[in-house]
Amino acid sequence: MIANEATEALVERICRAAKAAAPPLARAGTAARNDALRAMARGLRDRAGFLKAENAGDVAAGEAHGLSGAMIDRLRLTDKVIAQMAEGIDEVAALPDPLGGIERLSPRPNGLLVGRMRIPLGVIAIIYESRPNVTADAAALCV
């Protein structure tokens with residue numbers, strides 16, 4: 241029970257911090273978001289050795305707790321997986337910026353134009369297991 245309470249408190253603290261950070265991030269322009277994405281990709285490449293060392297501990301813990309071989313394989317980070325993670329983030333940075341786009345614009349009888357504009361969603365929580373590459377993919381898509 242105490243571990244669950246500690247986990248709940250940690251998750252709540254992280255969510256509150258994310259909510260506080262959301263408004264300035266929502267105002268960031270395309271160049272700033274793409275710069276952040278490229279920095280994320282560069283960080284993965286630059287810290288691949290550190291990530292693999294930390295991941296080795298996760299893999300060992302998973303094995304000690306009886307995770308299946310398939311789960312361990314999904315959990316394991318290799319140079320190839322880290323390179324694919326960084327490449328995926330770079331690919332997202334190269335996509336056209338969806339924010340601010342207006343679609344279904346139509347005039348009303350009084351001359352008012354009404355349409356749908358793409359805006360930042362705010363804070364997004366994602367639940368998954370045993371796939372560290374999902375963290376990079378999801379984070380890139382959320383930026």
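In my numbering, the protein residues as written are 241 to 383.
Backbone N, C-alpha and C fix where the C-beta goes; we use that ideal spot for every residue, glycine too.
Reference residue i, options the options, closest by Cα
{"i": "L335", "options": "A266, L353 and D275", "result": "D275"}
{"i": "R287", "options": "A310, T270 and D319", "result": "D319"}
{"i": "E327", "options": "A296, I366, L284 and E294", "result": "L284"}
{"i": "A300", "options": "L277, S370 and E248", "result": "S370"}
Residues of its chain near residue i, where Cβ-Cβ distance is below 7 Å and the 5 sequence neighbours each way are ignored
{"i": "V354", "result": "S346 and R348"}
{"i": "R358", "result": "P338, L339, G340 and G341"}
{"i": "L317", "result": "L291, K292, N295 and P372"}
{"i": "D298", "result": "L315"}
Buried/exposed call for residue i, threshold 16 Cβ in 10 Å
{"i": "V332", "result": "buried"}
{"i": "I366", "result": "exposed"}
{"i": "I364", "result": "exposed"}
{"i": "D251", "result": "Here residue 251 is Val; the residue named in the question, Asp, does not match the sequence. It is exposed - the Cβ of V251 has fewer than 16 other Cβ atoms within 10 Å."}
Helix, strand or coil at residue i according to DSSP, with G and I counted as helix
{"i": "P349", "result": "coil"}
{"i": "R371", "result": "coil"}
{"i": "A365", "result": "coil"}
{"i": "P264", "result": "helix"}
{"i": "V383", "result": "coil"}
{"i": "T270", "result": "helix"}
{"i": "G341", "result": "coil"}
{"i": "I359", "result": "coil"}
{"i": "G306", "result": "coil"}
{"i": "T318", "result": "coil"}
{"i": "M241", "result": "Only weak support exists for where M241 lies, its pLDDT of 48 falling under 50; the value from the coordinates is given anyway. DSSP places M241 in coil when its eight states are reduced to three."}
Residues sharing a beta bridge with residue i, DSSP
{"i": "V354", "result": "S346"}
Own chain partners of residue i with C-beta closer than 6 Å, once the 5 adjacent residues on each side are dropped
{"i": "N350", "result": "none"}
{"i": "G302", "result": "I312 and L315"}
{"i": "A266", "result": "P360"}
{"i": "R278", "result": "A333"}
Cut-off 8 Å between Cβ atoms - residues of its own chain near residue i, not counting five sequence neighbours on either side
{"i": "M241", "result": "In this predicted model, M241 has a pLDDT of only 48, less than 50, meaning its place in the structure is not dependable; the value taken from the coordinates is given anyway. Taken in chain order, the list of residues that qualify is empty."}
{"i": "A376", "result": "M280, L284, M325, A326, G328 and I329"}
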